[in-house]
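Going by our numbering, the letters in the sequence shown line up with residues 673 to 804, in that order. One structure below.
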Amino acid sequence: MNLNFKRNRNVEDVAADWMDAKNAEIKANKDRVAAEEELIALLVVKQEGATSHQVGPYKITLTGRLNRKVDLDVLDTLQIPAELIPIKMKRELDVTGVKYLENNEPELYKTLCAALTIEPAKTSVTVIRTEK
Numbered sequence: 673m674n675l676n677f678k679r680n681r682n683v684e685d686v687a688a689d690w691m692d693a694k695n696a697e698i699k700a701n702k703d704r705v706a707a708e709e710e711l712i713a714l715l716v717v718k719q720e721g722a723t724s725h726q727v728g729p730y731k732i733t734l735t736g737r738l739n740r741k742v743d744l745d746v747l748d749t750l751q752i753p754a755e756l757i758p759i760k761m762k763r764e765l766d767v768t769g770v771k772y773l774e775n776n777e778p779e780l781y782k783t784l785c786a787a788l789t790i791e792p793a794k795t796s797v798t799v800i801r802t803e804k
């Protein structure tokens, strides 16, 4: 699909093109996932780690992964030395807290701004056809 960005197009035309492109993207994603599933069925895959296969002109790398989760309440009851417990604490910005300070504690927010970098993110676009 080739979208022409011309000044004389109206919003309805652009919205229709957006919907066509989005549907093509969804179909392409489904097709890619189906091909990945076929490759996984046809080739050797480690439970965890990468395996590469040279097939004709293609180098195909399949990487097995395991998701690991911990029940912190159970972990707290186990007899494991504290220095050997494999838990990381991640410090990250609490955006809800930042917005609270901005709206309710302007002086504290002003102080906090010395440590913040704020820049615009990508604008999200959703188009839904409501009638035919």
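Even for Gly, the Cβ is constructed at its ideal location relative to N, Cα and C. Note that the coordinates shown come from a computational prediction; the quantities given were computed from them, not determined experimentally.
CA-to-CA distance, residue j to residue i, given in whole angstroms
i      : j      : result
Asp766 : Ser796 : 21 Å
Asn701 : Asp692 : 14 Å
Ile732 : Leu714 : 11 Å
Leu706 : Lys741 : Checking the displayed sequence, the identity of residue 706 turns out to be Ala instead of Leu. The alpha-carbon atoms of Ala706 and Lys741 are separated by roughly 28 Å.
Arg737 : Gln719 : 6 Å
Lys760 : Ile790 : 27 Å
Glu708 : Glu684 : 36 Å
Leu750 : Lys771 : 39 Å
Glu779 : Lys794 : 29 Å
Arg704 : Leu711 : 11 Å
Gly769 : Gly721 : 39 Å
Asn776 : Pro792 : 22 Å
Cβ-heavy atom distance, residue i to the ligand GTP, below 8 Å
i      : result
Lys794 : The ligand GTP is not among the ligands present in this structure, which contains no ligands whatsoever.
Beta strand (DSSP E) segment containing residue i, residue limits
i      : result
Thr723 : Gly721 to Val727
Ile752 : Careful: Ile752 lies outside any beta strand (DSSP E) and carries neither H nor E.
N- and C-terminal bounds of the alpha helix (DSSP H) containing residue i
i      : result
Lys771 : Val767 to Asn776
Lys731 : First-last for Lys731: Tyr730 to Gly736, but that is the beta strand (DSSP E), not the alpha helix (DSSP H).
Glu709 : Val683 to Leu714
Proximity of residue i and residue j at Cβ, strictly below 9 Å
i      : j      : result
Leu734 : Val717 : yes
Leu756 : Leu773 : no
Segment contact flag, the segment 683-702 with the segment 784-804, C-beta cutoff 8 Å, min 3 pairs: Yes, the segment 683-702 is in contact with the segment 784-804.
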